[in-house]
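In UniProt numbering, the protein residues as written are 1 to 162. Working notes, beginning with the structure itself.
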């Protein structure tokens, strides 16, 4: 007997997905973006899921100039995992969204917490400087569970020319 789990449209919990496997245009704003979830395939186990978005963009709400960040999201699922295409489209929806770095970073984390109710989640948002000052934003839901290996995010801080 194989331990093979079905993938694609027959995978458990994927029948209600509206974006995976379809041509889906990016939403115009984070509020319009659809984030989707599927059942965690390993409920009861503590493991870390990491998403890295090294080319995240949003707009300064005052000047309209683009802001760029390297975002790392780590979470320990409970009953749900985020469907990755919907996360990619959600993050892309910030491209024309005006908000300060702190607001974008925490809003992403809070939306994922609301959707997934994970055991634990953290976000590291490493923003590239504009005007000479990088603004990095870090947030987590609380202490990580004991006994779970949570790797360092290892994103170097901005050093300028030095």
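Glycine included, every Cβ here is placed at the ideal spot set by N, Cα and C.
Should residue i be labelled buried (16 or more other beta-carbon atoms within 10 Å of its own) or exposed?
i, result
"residue 146", "exposed"
"residue 133", "exposed"
"residue 80", "buried"
"residue 101", "buried"
"residue 124", "buried"
"residue 72", "buried"
"residue 37", "buried"
"residue 97", "buried"
"residue 169", "The structure shown has nothing for residue 169, since the chain only spans 1 to 162."
"residue 137", "buried"
"residue 74", "buried"
"residue 126", "buried"
"residue 152", "exposed"
Assuming residue i and residue j make a contact with CB atoms under 8 Å, what is their CB distance in whole Å?
i, j, result
"residue 122", "residue 139", "7 Å"
"residue 158", "residue 68", "With a Cβ gap of about 11 Å, residue 158 and residue 68 do not count as contacting."
"residue 76", "residue 119", "4 Å"
"residue 56", "residue 87", "No, residue 56 and residue 87 are not in contact; Cβ-Cβ is about 12 Å, not under 8 Å."
"residue 107", "residue 30", "7 Å"
Could you give the DSSP three-state label for residue i: helix, strand or coil?
i, result
"residue 42", "coil"
"residue 53", "strand"
"residue 35", "coil"
"residue 29", "coil"
In the DSSP assignment, find the beta strand (DSSP E) that holds residue i and state where it starts and stops.
i, result
"residue 69", "66 to 76"
Say whether chain D places a C-beta atom closer than 8 Å to the C-beta of residue i.
i, result
"residue 54", "The structure shown contains no chain D, having only a single protein chain."
What are the complete alpha helix (DSSP H) segments, minimum 4 residues, inside the region 80 to 156? Along the region 80 to 156, the alpha helix (DSSP H) occurs as fully enclosed runs of 4 or more residues at 84 to 92, 101 to 116, listed in sequence order.
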